[in-house]
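Read through the structure below, which is laid out as structure tokens, and then see the notes.
Residue numbers (my numbering), protein chains in the order written: chain A, 21 to 225; chain B, 78 to 369.
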């Protein structure tokens with residue numbers, strides 16, 4: 021099981037620059053989704069005139085399924101500056117990879133629970149770390165795409181674009197840098213120093 | 078003595094590097110350092126370099142300090158979490174060690190204990206940030222330190238000839254923002270790439286020491302080309318190392334190459350950092366040939 025938990029309201033509102041298209045993924049029974057809270061927050065965004073469209077669907081982690089579901093909404097997506105995704109980390113990464121030129125944001129943090137983790141395609145992974153970094157990294161997860169799970173940029177261990185730990189693995193931070201460059205968001209490389217929080221207790225979060 | 082003071086005075090700062098042994102006898106290391114490295118500004122002590130378990134960096138720094146040298150305490154995030162790192166930093170300050178160099182560290186898979194758990198609780202950037210907090214009298218958990226806070230000259234590293242140099246510059250900028258006051262670089266064999274890098278890096282306003290690894294042989298150079306990130310020894314240099322076997326064996330060719338690189342890069346940087354990798358005895362000859 022895993023839980024997706026909404027990021028703070030201020031964070032989500034700050035993510036929406038201009039107008040947003042909203043994707044809710046409530047597909048997989050292994051994920052507990054904060055349906056009510058997400059719905060209330062989205063109503064407020066709609067009332068503020070910030071939303072071009074909303075889709076509530078399932079299994080956006082499957083790229084083919086995701087595209088099939090999003091097809092009827094392409095005009096709304098084009099009209100939006102941001103795609104705001106309410107899903108686990110795999111869903112956000114799948115959307116971000118498809119809409120490479122668009123700002124794709126994670127509205128949720130994904131937290132691990134014991135038990136079956138569900139079925140997702142293999143090209144993306146979510147470590148369910150509970151403090152989703154995808155909004156700082158162009159939708160590529162630094163926790164799973166970097167051998168050292170670094171959150172403040174590339175180490176000195178990449179050669180010819182590959183990670184020296186695993187020559188079959190592309191350097192995650194080179195991918196992130198290229199994606200941010202493409203998005204015109206290299207300013208995110210200058211974000212404040214990130215320090216991971218390994219506390220699992222909500223009270224010390 | 079903090080090496081940042083010397084940068085401020087406009088001095089061209091020369092440092093070298095020693096690696097602690099895999100054992101408890103440091104007589105040889107101290108003797109070599111005293112003989113060959115006492116004329117330079119400071120001596121880096123590596124922290125389980127290449128993820129190979131060795132005598133500790135902190136203890137070795139203390140021994141070198143007692144022998145009259147200025148140690149730079151290298152600190153990686155691979156083997157210790159934020160509690161251990163902060164505790165070791167306090168220990169270093171208590172022992173009078175004033176220079177630290179913050180690194181993320183090689184992955185455990187690269188070393189002689191590939192089964193070990195890689196920690197990386199912090200990384201080079203968050204470690205610098207943590208030191209800045211300690212200097213302000215607070216730890217990373219937000220708790221006040223008792224008494225006088227530690228003060229360090231905080232260094233970091235960058236890889237100027239990396240094939241992803243823009244990502245390296247972005248990381249460098251983050252390190253500066255987190256508190257890095259000077260940089261040492263990965264080994265440079267392509268002066269033109271280093272100079273281009275420095276053109277971009279000078280905007281950060283922090284001193285940079287050119288990294289030098291004396292090329293001992295064509296075999297070593299080729300090994301680095303195949304295996305070491307951020308290093309490329311050009312073909313003509315490889316040919317030079319192959320040309321006169323006797324000269325190369327005696328170390329002369331390698332020293333000539335290294336001295337040439339230093340001379341070419343000197344106008345663009347604020348110091349040089351020599352990683353002699355066992356050839357500490359050749360450092361004085363190199364410095365003389367480089368005109369330092």
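For every residue, glycine included, the Cβ atom is placed at its ideal position computed from N, Cα and C.
(1) What is the DSSP secondary structure of residue 111 of chain A, reduced to helix, strand or coil?
(2) Using a Cβ cut-off of 7 Å, which residues of the stretch 293–320 of chain B contact any Cβ in chain A, in chain order?
(3) Tell me which residues share the same chain as residue 79 of chain B and place their Cβ nearer than 7 Å to its Cβ, disregarding the 5 neighbours each side in the sequence.
(4) So, do the stretch 84–101 of chain A and the stretch 48–62 of chain A have three or more beta carbon pairs nearer to each other than 8 Å?
(5) Give the residues of chain B in contact with residue 197 of chain A, contact being defined as C-beta atoms less than 9 Å apart.
(6) Do the CB positions of residue 103 of chain B and residue 132 of chain B come within less than 8 Å of each other?
(7) Are the CB atoms of residue 37 of chain A and residue 306 of chain B nearer to each other than 8 Å?
(8) CB-CB under 6 Å to residue 286 of chain A, same chain, minus the five flanking residues each way: which ones, in chain order?
(9) Measuring alpha carbon to alpha carbon, tell me which of A:112, A:115, A:142 and A:170 ends up nearest residue 195 of chain B.
(10) With DSSP as the reference, identify every bridge partner of residue 68 of chain A, one or two as the case may be.
(11) I want to verify the contact list: residues of chain A whose CB lies under 9 Å from the CB of residue 217 of chain B, in sequence order.
(12) Excluding sequence positions up to five away, which residues of its chain have a Cβ less than 7 Å from the Cβ of residue 354 of chain B?
(13) With distances taken Cα to Cα, identify the nearest neighbour of residue 339 of chain B among B:254, B:234 and B:264.
(14) Hey, out of B:359, B:322 and B:249, whose CA is closest to residue 280 of chain B's CA?
(15) May I ask you to list, following chain order, the residues of the stretch 258–269 of chain B that have a beta carbon less than 9 Å from some beta carbon of chain A?
(16) Kindly indicate which three-state DSSP category residue 49 of chain A falls into: helix, strand or coil?
(17) Where does residue 101 of chain B land, buried or exposed, given buried means 16+ other C-beta within 10 angstroms?
(18) Can you pull the chain B residues whose beta carbon is under 7 Å from the beta carbon of residue 244 of chain A, in chain order?
(19) Residue range of the alpha helix (DSSP H) that residue 233 of chain A falls in?
(20) Using a Cβ cut-off of 9 Å, which residues of the stretch 146–180 of chain A contact any Cβ in chain B, in chain order?
(21) What residues are listed by DSSP as bridge partners for residue 42 of chain A?
(22) How about residue 285 of chain B: is its C-beta nearer than 8 Å to some C-beta of chain A?
(23) Just to confirm, is the Cβ distance from residue 192 of chain A to residue 146 of chain A under 8 Å?
(24) Would you call the CB atoms of residue 202 of chain B and residue 252 of chain B closer than 8 Å?
(25) Which of helix, strand or coil does DSSP assign to residue 282 of chain B?
(26) Would you mind working out which of A:180, A:156, A:200 and A:88 sits nearest residue 213 of chain A, comparing C-alpha positions?
(27) Please identify the residue among B:98, B:117 and B:144 whose C-alpha is closest to the C-alpha of residue 125 of chain B.
(28) Hey, out of B:173, B:141, B:140 and B:183, whose CA is closest to residue 152 of chain B's CA?
(29) Who are residue 24 of chain A's beta bridge partners in DSSP?
(30) Let's see if you can read the secondary structure: which residues bound the beta strand (DSSP E) around residue 309 of chain B?
(31) Note down the Cα distance separating residue 178 of chain B from residue 168 of chain A, rounded to an integer number of angstroms.
(32) For the 8 Å Cβ check, are there 3 or more pairs between the stretch 112–120 of chain B and the stretch 160–175 of chain B?
(33) What does a CB cutoff of less than 7 Å around residue 131 of chain A pick up in its chain, not counting 5 residues either side in sequence?
(34) Say whether the stretch 185–200 of chain B touches the stretch 228–247 of chain B, bearing in mind that this needs 3 or more beta-carbon pairs closer than 8 Å, one atom from each stretch.
(35) What first and last residue would you give for the alpha helix (DSSP H) that runs through residue 300 of chain B?
(36) Our contact map puts residue 44 of chain A next to residue 72 of chain A with C-beta atoms below 8 Å; I'd like the distance itself, whole angstroms only.
Reading from the atomic positions:
(1) helix
(2) Result list: 306 and 307.
(3) 175, 176 and 230
(4) no
(5) Ordered by position in chain B, the residues that pass the 9 Å Cβ test against residue 197 of chain A are 241, 243, 244 and 247.
(6) yes
(7) no
(8) In the structure displayed, chain A extends from 21 to 225; residue 286 of chain A sits before or after that span and is not available.
(9) A:170 is the residue among A:112, A:115, A:142 and A:170 whose C-alpha sits nearest the C-alpha of residue 195 of chain B.
(10) None; residue 68 of chain A has no bridge partner.
(11) 215
(12) Answer for residue 354 of chain B: 290, listed in chain order.
(13) B:264
(14) B:249
(15) 263
(16) Note: residue 49 of chain A maps to coil in three-state DSSP.
(17) exposed
(18) With chain A covering only 21 through 225, there is no way to say anything about residue 244 of chain A.
(19) Absent from the model: residue 233 of chain A. The displayed extent of chain A is 21 to 225, so no value can be given.
(20) 167, 168, 169, 170, 171, 172, 173, 174, 175, 176, 177, 178, 179 and 180
(21) A:74 and A:104
(22) no
(23) no
(24) yes
(25) coil
(26) Nearest neighbour of residue 213 of chain A by Cα position, chosen from A:180, A:156, A:200 and A:88, turns out to be A:156.
(27) B:98
(28) B:183
(29) A:130
(30) Here residue 309 of chain B belongs to no beta strand (DSSP E), and DSSP marks it neither H nor E.
(31) 19 Å
(32) Not touching, per the Cβ criterion.
(33) 22, 23, 25, 148 and 150
(34) no
(35) For residue 300 of chain B, the enclosing alpha helix (DSSP H) covers residues 295–304.
(36) Beta-carbon to beta-carbon, residue 44 of chain A and residue 72 of chain A are separated by about 15 Å, too far to satisfy the 8 Å threshold.
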